[in-house]
Amino acid sequence: MSRAEKIAKMATTSAGQAKQDSVVSRKRKKARKNVLFEAHKHCVECSLPIPLGNESLICDDDDCRANQERKEKSRKRLSILLYAGVAIFIIPIVLQLIGALT
Ligand SMILES: [Zn+2]
Numbered sequence: 000m001s002r003a004e005k006i007a008k009m010a011t012t013s014a015g016q017a018k019q020d021s022v023v024s025r026k027r028k029k030a031r032k033n034v035l036f037e038a039h040k041h042c043v044e045c046s047l048p049i050p051l052g053n054e055s056l057i058c059d060d061d062d063c064r065a066n067q068e069r070k071e072k073s074r075k076r077l078s079i080l081l082y083a084g085v086a087i088f089i090i091p092i093v094l095q096l097i098g099a100l101t
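Heads up: the sequence shown runs through residues 0 to 101, numbered per numbering that gives the first Met the number 0.
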């Protein structure tokens, strides 16, 4: 392949890419203008779009539900631990205060 051919090929490919890019950006602009998307939220597990009216944070998938339940449980355990830790820290102080007052 000669140098001129190479240059010509490069020019055509970049022109093609530019055209594609402009098509994509035009589509994006159009989407923004006409609001193609309905208001929706995403499943917190698989980030699949789910309707906004759906009260749960996850989609109907069983895996997502199981994962969500597991996370919920660990979150509960963590908050209990946190409260227990705070209590352990505070109870001696309170006892000391009571002892100082009496
Ligand atoms: Zn999901």
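Beta carbons are placed, not taken as given, at the ideal position from N, Cα and C, and that holds for glycine.
What is the C-beta distance between residue i and residue j, in whole angstroms, given that I count them as a contact (C-beta under 8 Å)?
i	j	result
Lys40	Leu47	With a Cβ gap of about 10 Å, Lys40 and Leu47 do not count as contacting.
Ile57	Glu44	5 Å
When DSSP builds the beta bridges, which residues end up paired with residue i?
i	result
Ile49	Lys40
Hey, is residue i close to ligand 1, as in C-beta under 6 Å from one of its heavy atoms?
i	result
Glu44	yes
Leu47	yes
Asp60	yes
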